[in-house]
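Student: Residue 1 is where the sequence shown starts when you use the UniProt record's numbering, and the numbers rise one by one after that.
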Amino acid sequence: MHDDKIILGFETSCDETAIAIMKGDELLVNTISSQIDIHEKFGGVVPEVASRAHAEMIRNIFHSSLNNANLQISDIDIVSTTDGPGLVGSLVVGYNFAKSIAWSINKPFFTVDHMVGHLAAPLIENKTMKPPFLTLLVSGGHTQIVFVEEWGSYQLLGTTIDDAAGEAFDKLSRFCGFGFPGGPAIQKIGEGGDPSKIELPRPKTKHAYNYSFSGLKTAATNFLNNLDIDDKVTRADFAASYQEAIVDSLLSNFVKAVKDTGVKSISGGGGVMANSRLREKMNIFAEEKELNIYLPTPKLSTDNAAMICVAAQNNLITNDMNIDDVRLNSIIS
């Protein structure tokens, strides 16, 4: 599908209302309307509130995206959207809106798995990425090591048995009052802090590639609860140490999987992949082992519709082109 077809993409799986338009390899528009300000007072995403906000914003964002791309709705060749996993109420808004657009202009309608979108995100700016490679997908709801033998052929090597890495950031940040979302808040507070100041565990699981972050979160909260008033520990040291523990845990299993599979290329995706320390240590590892590394930019690591467009462009879809056969994947993440 690598031609000049114009692809319209929607992503509403959680709390971003995102719309993108691609023409061939050119990203014409990548609009992301975040709901962080809405959910911050709750300390996390409230599904009903998120769904309502999507419904209120999506029409205006769609028309402004068309205007910014200097296009008419009739110029669209393909419509694509996330079909899950995600918050069902949020998914329904984008899914129904996208499907109605495709139906009204009689154009193909493609659905894309949300995590496959993250997996494909590096392709937006780096068309040379090709299988086989190993990818680390890290978001608020998922932590996965996936072996991509070829496009469309994925082997899940490892996942979390409890909290995802993004949840580990969010939950501790909420406990400490650092802010929402937790990853960026902890990264910012930890700037200038000593990541080795506090000894926190790097949890292990019985399965070599699986993750567990609930124990780390508990250890961190216990440390704070038992902190003596005379202990000289700054917020920056604590945040940096906690971030380092998560990053080390993520990379430990991923490095083992890289060695065991013998891949020569690695990639990453998901909102946590925007973390500067994780990106730094992944790049260092790739350089030391002379691996090809493909990471989306921080903006393209978080939820966006450009990744849905590029996945559809490469035929990484969950349905055929018959719009009447499309159904929403209502798995909750």
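Just so you know, even glycine gets a beta-carbon here, dropped at the ideal spot from N, CA and C.
Taking buried to mean at least 16 other C-beta atoms within 10 Å of its own C-beta, is His39 buried or exposed?
Tutor: Label assigned to His39: buried.
Student: Looking at the secondary structure, which residues open and close the alpha helix (DSSP H) in which Tyr211 lies?
Tutor: Premise fails: Tyr211 is in no alpha helix (DSSP H) and is neither H nor E.
Student: Restricting to Cα atoms, I'd like to know which of Val88, Phe285, Thr160, Val146 is closest to Glu48.
Tutor: Considering only alpha carbons, the answer is Val88.
Student: Just curious, the beta strand (DSSP E) that Gly269 is in, first and last residue?
Tutor: Note, Gly269: beta strand (DSSP E), 265-269.
Student: Could you tell me which residues DSSP pairs with Gln155 in its beta bridges?
Tutor: Answer is Phe147.
Student: Which stretch, first to last residue, makes up the alpha helix (DSSP H) that contains Tyr173?
Tutor: As written in the sequence, residue 173 is Ser, which differs from the Tyr given in the question. Its alpha helix (DSSP H) spans residues 165-176.
Student: Keeping to the same chain, check which residues put their C-beta closer than 6 Å to that of Thr160; ignore five residues upstream and five downstream.
Tutor: Answer for Thr160: Thr143, Tyr211, listed in chain order.
Student: Beta-carbon of Ala240 versus every beta-carbon of chain C: anything under 9 Å?
Tutor: The structure shown contains no chain C; it is built from a single protein chain.
Student: Taking the alpha-carbon positions, what's the Asp324 to Phe109 distance?
Tutor: Here Asp324 scores only 44 on pLDDT, less than 50, and its place in the model should not be relied on; the value that follows carries that caveat. The alpha-carbon atoms of Asp324 and Phe109 are separated by roughly 10 Å.
Student: To the nearest angstrom, how far is it from the Cα of Ile21 to the Cα of His63?
Tutor: The straight-line gap from Cα to Cα measures roughly 12 Å.
Student: Between Lys281 and Val247, which are expected to be in contact by the criterion C-beta below 8 Å, what is the C-beta distance as a whole number of angstroms?
Tutor: Between Val247 and Lys281 the Cβ distance is about 6 Å, and since that is below 8 Å, they are a contact.
Student: Which of helix, strand or coil does DSSP assign to Gly86?
Tutor: Looking at Gly86 - three-state DSSP - the assignment turns out to be coil, as it is neither helix nor strand.
Student: Between Pro298 and the rest of its own chain, which residues show a CB-CB distance below 6 Å, the 5 nearest in sequence each way excluded?
Tutor: Here the set comprises Ala274.
Student: Could you tell me the distance, in whole angstroms, from the CA atom of Val326 to the CA atom of Gly192?
Tutor: Caution applies to Val326, whose pLDDT of 44 falls short of 50 and renders its modelled position unreliable; the value that the coordinates give is listed next. Going from the Cα of Val326 to the Cα of Gly192 covers about 50 Å.
Student: For Val79 versus Thr12, is the C-beta spacing smaller than 9 Å?
Tutor: Not closer than 9 Å, so no.
Student: Does DSSP classify Phe180 as helix, strand or coil?
Tutor: Residue state, collapsed to three classes: coil.
Student: Specify the secondary structure class of Ala305 as computed by DSSP and reduced to three states.
Tutor: Coil, per DSSP.
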